[in-house]
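Trainee:
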Amino acid sequence: MATIGRKTDTWGSRFGFIMAAVGSSVGLGNFWRFPFTAGENGGGAFIIIYLACVLFLGLVVLMAEYSLGRKSGMSAIEGIHSLARAEGKSSNWGAVGWIGSLAAFFILTFYIVISAWVIEFIPQAMSGSFQTFAEQAAAQTAAAQAADPNAAAVTIADISSQNFVKSISDRLLVGFFLVLFIAINVFIVARGVKGGIERAATILMPAFFILLIGIVGFALIEGDAGAAASFLLSPDFSKVGFGTFLAAVGQAFFSLSVGSCLMITYGAYLSRETNIPRSSAIVASADTMVALIAGFAIFPIVFAFGADPAGGPGLFFISLPIAFGQMGEIGTVVGSAFFILALFAALTSSISLMEVAVSWLEERQGVTRPGAAMGIGFVLFMIGMGYVFSGTFIDFADFITGNIMLPLCALLVSIFAGWVLSRKMLESELGEGNVMNMWRFMVRWVVPPALTFILIFGSLDALQGFGMQLPGFLTVLLGPNG
Ligand code: PHE
């Protein structure tokens, strides 16, 4: 292992790094995961807890990850290992890197499948097929009532769900898009950090922001912004239980890309001139703004057309087509733009997830970057196809990785950065002033206890949600269960 040294590739510019880092954070987590998680957890109250998690937990761990990455200059697993050794601490701390890297890998296995669904919805949106939902509903209602005059009417929402189920069970097509998406990822990541990831992000992210502004403007004018605002901004704390906290932490970490050691990996390519606290603040605020904006783009449409805000993972793929279908001709344009936007965001996140594994493999002797990217691509293809053909494990994988593994890795990272490493070690990264003092206080005294508490009670709550009977006193203690 002695041959493993610091990374030689670096980000080309500060702007490029910010685009890549924001690109990693902003992704399906903002569009697909945030709206349905907020919807299922009661809206406003969830969002307040979510914002607190971003500020007091996510941001602190984000700064820790960049610092560990730049200090060590290596992939997460090797980096933590080498820092521990430098401080004369147990090299078992390398396990933290493993948990995060595995979380990143497992997230990627289903992330690519959802991305393939997104790709599949682009041609549907472009061909205006969402506009036919109303006709189909009328036709099916007529057919049903011809057979039985008392049959219930088929609604547009029924048609959209049928469309969603049909789309994702068109396995060959989804499989084809999956291969396409993996190939694009392999192509970009194989070209390296500066020439691949950074280049892709500096093109895709600005395009993304322009599209986003256009769509939000439209949603605010056309949709039911009032209902969305009151849902998003009026907290209902009666629904809040420990499960809500776990969901909020999981969502905050997933969305920020924190707790997968990804930002350690990105930090390893950072130049000395980059200010870590400032960059972290930019990434966290950009990601949070996009999540809120996505909420404001999606919920007005959901409310205007009477869809169910707690519609689960299908919310994105079922409610939005209804909305676009109802808009008439313009729906074709807005709908296509929306799915393309989601695809751009997904791509800049999936390449970052892939980089975690590739950067580690690349440190082995005899493994080249393109070779590593292709190898990972192949394994992803095998597992991704498993999801495509069996279909049902995505929810579970999402829960275990997002709500358990990310917070767990973040907990260990904060203990490592706050308690195991000396203050001196990270002064070169975070300075010696107030920012350091505040960060160090948070990373030692706030993050570890809060995460431990939320992880323990939140998982008990989740077990209960999965139908497991817990002792009575715990049931009482855990409070409402969404
Ligand atoms: N943050 C990305 C998103 O919101 C997903 C992600 C999670 C990326 C963890 C990297 C690490 O879609």
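The sequence shown runs 1 to 482 under our numbering. Virtual Cβ for every residue (Gly too), placed ideally from N, Cα, C. Keep in mind it's a predicted model, so treat the numbers as computed, not measured.
(1) Given Ile394, which residues of its chain have a CB within under 8 Å of its CB, disregarding the five upstream and five downstream residues?
(2) Can we count Asn403 as close to the ligand PHE, meaning its CB is less than 7 Å from some heavy atom?
(3) Starting from the C-beta of Leu262, find all residues in its chain whose C-beta is less than 6 Å away, skip the five residues before and the five after it, and write them out in chain order.
(4) With respect to the alpha helix (DSSP H) encompassing Pro313, which residues constitute its N-terminal and C-terminal limits?
(5) Is Gly267 a contact residue of the ligand PHE, with contact defined as CB to any heavy atom under 7 Å?
(6) What three-state label does DSSP hand Ala146 in the structure shown?
(7) Tell me the DSSP secondary structure of Asp461 in three-state form.
(8) Name the residue from Leu246, Ser279, Leu172, Ala294 whose alpha carbon lies nearest to the alpha carbon of Leu211.
(9) State the Cα-Cα distance for the pair Leu204 and Thr348, rounded to the nearest angstrom.
(10) State the Cα-Cα distance for the pair Leu421 and Ser238, rounded to the nearest angstrom.
(11) What residue range is occupied by the uninterrupted alpha helix (DSSP H) comprising Tyr387?
(12) Taking the beta carbon of Leu343 as the centre, do at least 16 other beta carbons fall within 10 Å, making it buried, or is it exposed?
(13) Which residues neighbour the ligand PHE when neighbourhood means a C-beta less than 6 Å away from any of its non-hydrogen atoms? List them by chain order.
(14) Given a threshold of 16 other Cβ atoms within 10 Å of its Cβ, counted over all protein chains shown, does Met382 qualify as buried or as exposed?
(15) Apart from the five residues just before and just after Leu57, which ones in its own chain have a Cβ nearer than 6 Å to its Cβ?
(16) Buried or exposed: where does Phe441 fall if 16 or more other Cβ atoms within 10 Å of its Cβ makes it buried?
(17) Assign Ala153 to one of three DSSP states: helix, strand, or coil.
(18) For Pro409 and Val249, I'd like the C-alpha separation in whole angstroms.
(19) Less than 8 Å separating the beta-carbons of Lys7 and Tyr269?
(20) How about Ile182 and Gly377: do their beta carbons lie closer than 8 Å?
(21) Along the chain, which unbroken stretches of the alpha helix (DSSP H) at least 4 residues long are found entirely within the stretch 89 to 146?
(22) Starting from the Cα of Leu59, find the closest Cα among Phe457, Ala286, Lys89 and give me that residue.
(23) Excluding five sequence neighbours on each side, which residues of the same chain lie with their C-beta closer than 7 Å to the C-beta of Phe416?
(24) Residue ranges of each alpha helix (DSSP H) run of no fewer than 4 residues wholly in the stretch 172 to 237, ordered along the chain?
(25) Starting from Ile404, trace the alpha helix (DSSP H) both ways and give me its first and last residue.
(26) I'd like to check one pair, Ala84 with Val283: are the Cβ atoms closer than 8 Å?
(27) With distances taken from CA atoms, which of Met74, Glu432, Phe31, Val54 is nearest Thr10?
(28) Cutting at 6 Å between CB atoms, please list the residues of its own chain near Ser167, excluding the five before and the five after it.
(29) By how many angstroms is the C-alpha of Glu363 removed from the C-alpha of Thr3?
(30) So, helix, strand or coil for Gly418, using DSSP?
(31) Report the CB separation of Phe339 from Ile122 in whole angstroms; it is logged as a contact under 8 Å.
(32) Nearest-angstrom Cα distance between Met1 and Glu78?
(33) Quick one: which unbroken alpha helix (DSSP H) runs of 4-plus residues sit fully inside the stretch 37 to 97? Chain order, please.
(34) If you measure between the beta carbons of Ala345 and Phe208, is that distance less than 8 Å?
(35) Can we say the stretch 135 to 154 touches the stretch 164 to 179, given the rule of at least three CB pairs closer than 8 Å?
Mentor: The short version:
(1) Counting from 1 along the sequence shown, the entry for residue 394 is found at position 394. Phe110, Val113, Ile114, Pro313, Tyr387.
(2) As a working mapping, residue 403 is identified with position 403 in the sequence shown. Outside the cutoff, so no.
(3) As a working note, residue 262 is residue 262 in the sequence shown. So the qualifying residues of the chain are Ala104, Ser352, Val356.
(4) Taking the first residue of the sequence shown as position 1, residue 313 is located at position 313. Element bounds for Pro313: n/a, residue is neither H nor E.
(5) Position 267 of the sequence shown holds residue 267. Checking every heavy atom of the ligand PHE against the Cβ of Gly267, none is found closer than 7 Å.
(6) Numbered from 1 along the sequence shown, position 146 holds the residue referred to as residue 146. Three-state result, Ala146: helix.
(7) As a working mapping, residue 461 is identified with position 461 in the sequence shown. DSSP places Asp461 within a helical segment (H, G or I) once states are collapsed to three.
(8) Against the sequence shown, residue 211 aligns to sequence position 211. Answer by Cα proximity: Ala294.
(9) Reading the sequence shown from its first residue, position 204 is the one you call residue 204. Reading the sequence shown from its first residue, position 348 is the one you call residue 348. Answer to the nearest angstrom: the Cα atoms are 8 Å apart.
(10) Along the sequence shown, one-based indexing puts residue 421 at 421. Along the sequence shown, one-based indexing puts residue 238 at 238. Between Leu421 and Ser238, the C-alpha separation is close to 41 Å.
(11) Walking along the sequence shown from the start, residue 387 turns up at place 387. Here the alpha helix (DSSP H) through Tyr387 covers 369 to 390.
(12) On the sequence shown, residue 343 is found 343 positions in, with the first residue counted as 1. That one is buried.
(13) Ser24, Ser25, Gly27, Leu28, Gly29, Asn30, Ala104, Ile107, Phe254, Ser255, Ser257, Ser260, Leu262, Ser349, Ser352, Leu353
(14) The residue labelled residue 382 in the question sits at position 382 within the sequence shown. Counting Cβ neighbours within 10 Å, Met382 comes out exposed, since fewer than 16 surround it.
(15) As a working note, residue 57 is residue 57 in the sequence shown. Excluding positions up to five away in sequence, the list reads Val447.
(16) Here the question's residue 441 lines up with position 441 in the sequence shown. Phe441 comes out exposed.
(17) Start at 1 with the first residue of the sequence shown, and residue 153 comes out as number 153. Note: Ala153 maps to coil in three-state DSSP.
(18) Translated into the one-based positions of the sequence shown, residue 409 becomes position 409. Translated into the one-based positions of the sequence shown, residue 249 becomes position 249. Checking the displayed sequence, the identity of residue 409 turns out to be Cys instead of Pro. Approximately 12 Å between the Cα atoms of the pair.
(19) Numbered from 1 along the sequence shown, position 7 holds the residue referred to as residue 7. Numbered from 1 along the sequence shown, position 269 holds the residue referred to as residue 269. Taking 8 Å as the Cβ cut-off, Lys7 and Tyr269 qualify as a contacting pair.
(20) Numbered from 1 along the sequence shown, position 182 holds the residue referred to as residue 182. Numbered from 1 along the sequence shown, position 377 holds the residue referred to as residue 377. Cβ distance < 8 Å, so Ile182 and Gly377 count as in contact.
(21) 94 to 126
(22) For the purposes of this step, residue 59 is identified with residue 59 of the sequence shown, where counting begins at 1. Of the candidates Phe457, Ala286, Lys89, the one whose C-alpha sits nearest the C-alpha of Leu59 is Ala286.
(23) Stepping through the sequence shown from its first residue, residue 416 is reached at position 416. Within the same chain, Phe416 has close Cβ partners Ile80, Trp93, Val96.
(24) 199 to 222, 225 to 233
(25) Residue mapping note: residue 404 aligns to position 404 of the sequence shown, counting from 1. Counted as a single uninterrupted DSSP element, the stretch harbouring Ile404 is not any alpha helix (DSSP H), since DSSP gives it neither H nor E.
(26) What you label residue 283 is simply residue 283 of the sequence shown in a count that begins at 1. What you label residue 84 is simply residue 84 of the sequence shown in a count that begins at 1. It is not a contact, given that the beta carbons lie outside the stated cut-off.
(27) Here residue 10 refers to the residue found at position 10 of the sequence shown. Of the candidates Met74, Glu432, Phe31, Val54, the one whose C-alpha sits nearest the C-alpha of Thr10 is Met74.
(28) Looking up residue 167 in the sequence shown gives position 167. Within the same chain, Ser167 has close Cβ partners Glu120.
(29) Within the sequence shown, numbered from 1, the residue matching residue 3 stands at position 3. Within the sequence shown, numbered from 1, the residue matching residue 363 stands at position 363. Residue placement at Thr3 cannot be trusted, given a pLDDT of 49 that sits under 50; what the coordinates show is reported in the next sentence. Distance between the alpha carbons of Thr3 and Glu363: 8 Å.
(30) Counting from 1 along the sequence shown, the entry for residue 418 is found at position 418. Helix at Gly418.
(31) Counting from 1 along the sequence shown, the entry for residue 339 is found at position 339. Counting from 1 along the sequence shown, the entry for residue 122 is found at position 122. Indeed they touch by this definition, with Cβ atoms about 5 Å apart.
(32) The residue labelled residue 1 in the question sits at position 1 within the sequence shown. The residue labelled residue 78 in the question sits at position 78 within the sequence shown. Only weak support exists for where Met1 lies, its pLDDT of 41 falling under 50; the value from the coordinates is given anyway. When rounded, the distance between both Cα atoms is 9 Å.
(33) 44 to 53, 59 to 72, 76 to 86
(34) As a working note, residue 345 is residue 345 in the sequence shown. As a working note, residue 208 is residue 208 in the sequence shown. It is a contact, given that the beta carbons lie within the stated cut-off.
(35) no
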